[in-house]
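Participant: I'd like to ask you about the structure that follows.
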Amino acid sequence: MDIMTILRRPAAASVISLIGVLLFYIVFGGVDLGKLSGAASWVNYAARIGIVALPVALLMISGEIDISIGAMIPAGAMTTAIIAGHYELPMIFAILGALTIGVVVGLFNGILAVRTSVPTLIITLGTLVAMQGIVLAGSKLLTGGASVPLTAPGWAKTIFGDFIWGGSHQVVIIWWLILAVVFWFIMHQSKYGNWIFAMGGDKVSARNAGIPVDRITILLFVGTATAASFVGMCHAILFNSAQVSGGMNDIFNIIVSVVVGGVLLTGGFGSIVGVFIGTLTFAIVIKGIDFTSIDRNWANLIIGVMLLLAVGMNETFRKKAMTAATKKKKG
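Read in order, the letters of the sequence shown are residues -14 to 316 in our numbering.
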């Protein structure tokens, strides 16, 4: 396989970004790769945002976007804490409640997306603001505060919110790895992946080809919202508490990870492997800077430059792939 063939793959930008970040940290930050690779902080963070990045990637490949995920993380956490902590109901009800709120909000976003002509950026922005208000007002009304403690039973801790591998790594890492394999199979080994790529290329043509565009769009929105509420639920179980603002800053971080992973904002191009590597890259930028001599205040500049370069590379590699495909057809 020659270098041009590799560069035409959607994951190329993420691999180059990862290598670039590591080289930058080594050359300018004096990072010890052995110490960095053994650290848990960046892997834990990668798993947290990575679980949501996977369904967000599928949605973006289909040509849509969901920024309400930032409100769904605290919504899942607060739902878990209020049901199991404040009302002291069995944890299974709290888990089902957190997942249910994700499904409901996802259905709401998806139905509006297919029934109206309003851009999904605007729809999910409205949902984001509305859910922020619901979570804050609901918490104040039901519990009288913006932070709710809970005590999770042992089985819930073991499955959703415990520390493993010597007490430093979180169990969500295992969930992230399992989901990455599942999403890889869906996206690259099943007809549903081909349908999602087709939707991102041209929804009208996809619909004319018999692809159930509306149904898939709704399911993709359910996937993003439910994944976000699941992460919030795991976080609440892990730390035995939930806050109304926890996870709000992850909106930007998740979308940047997806873009760095090779997914175009315009849809129709991307890969699960690329998103996985892109998430690792972003986590290393955010958490790995603590292992260098670089001032942490420079982290946002590094992220901004990395994002601009990734967008440029994604578009370049997409054009190379399209050109190669055209030549192959003519040949």
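Think of the CB as a built atom: it goes at the ideal place given N, C-alpha and C, for glycine as much as any other residue.
Keep in mind that this is a model prediction, so the values were computed, not measured.
Would you check if the distance between the CB atom of residue -2 and the CB atom of residue 247 is smaller than 8 Å?
Facilitator: yes
Participant: Would you say residue 40 and residue 178 are within 8 Å of each other, going by their C-beta atoms?
Facilitator: no
Participant: Is residue 252 a contact residue of the ligand MG, with contact defined as CB to any heavy atom under 7 Å?
Facilitator: As far as ligands go, the structure on display features none, and thus does not contain the ligand MG.
Participant: Got a sec? Which residues, its chain only, sit under 8 Å from residue 190 by beta carbon, not counting five neighbours each side?
Facilitator: Cβ within range, chain order: 183.
Participant: Tell me the DSSP secondary structure of residue 133 in three-state form.
Facilitator: strand
Participant: How far does the alpha helix (DSSP H) with residue 214 in it reach, from first residue to last?
Facilitator: 198 to 224
Participant: Report the start-end ranges of each beta strand (DSSP E) in the stretch 59 to 145 that is 3 residues or longer and not cut off at the edges.
Facilitator: Whole beta strand (DSSP E) segments, 3+ residues: 132 to 134.
Participant: Rounded to the nearest angstrom, what separates residue 135 and residue 121 at their Cα positions?
Facilitator: 18 Å
Participant: How about residue 153: is its C-beta nearer than 8 Å to some C-beta of chain B?
Facilitator: Of the protein chains in this structure there is only one, and it is not chain B.
Participant: Decide if residue 251 is buried, meaning its Cβ has at least 16 other Cβ atoms within 10 Å, or exposed.
Facilitator: exposed
Participant: In whole angstroms, what separates the C-alpha of residue 55 from that of residue 84?
Facilitator: 15 Å
Participant: Once the 5 residues before and after residue 264 are set aside, which same chain residues still bring their CB inside 7 Å of it?
Facilitator: 31, 34, 35, 38, 242, 246
Participant: DSSP beta-bridge partners for residue 154?
Facilitator: 149
Participant: Rank 42, 48, 212, 231 by C-alpha distance to the C-alpha of residue 198 and give the top, closest one.
Facilitator: 48
Participant: Give a yes or no on whether the C-beta atoms belonging to residue 259 and residue 46 are separated by under 8 Å.
Facilitator: 8 Å or more divides the Cβ of residue 259 from the Cβ of residue 46.
Participant: Sort out for me which residues DSSP pairs residue 227 with in a bridge.
Facilitator: 133
Participant: Leaving aside the five residues before and after residue 16 along the sequence, list all residues of the same chain whose C-beta is less than 6 Å from its C-beta, in chain order.
Facilitator: Correct list, in chain order: 10, 276, 277.
Participant: Among the candidates 222, 220, 289, whose CA atom is the shortest distance from the CA of residue 240?
Facilitator: Per the Cα distances, 289.
Participant: Please state whether DSSP places residue 50 in a helix, a strand or coil.
Facilitator: In the structure shown, residue 50 sits in coil (DSSP, three-state: anything other than H, G, I, E or B).
Participant: Short check: CB of residue 77 to CB of residue 60, under 8 Å?
Facilitator: no
Participant: So residue 92 and residue 203 are supposed to be a Cβ contact under 8 Å. How far apart are they, rounded?
Facilitator: About 7 Å separates the two Cβ atoms, so the contact holds.
Participant: Keeping to the same chain, check which residues put their C-beta closer than 6 Å to that of residue 168; ignore five residues upstream and five downstream.
Facilitator: 39, 257
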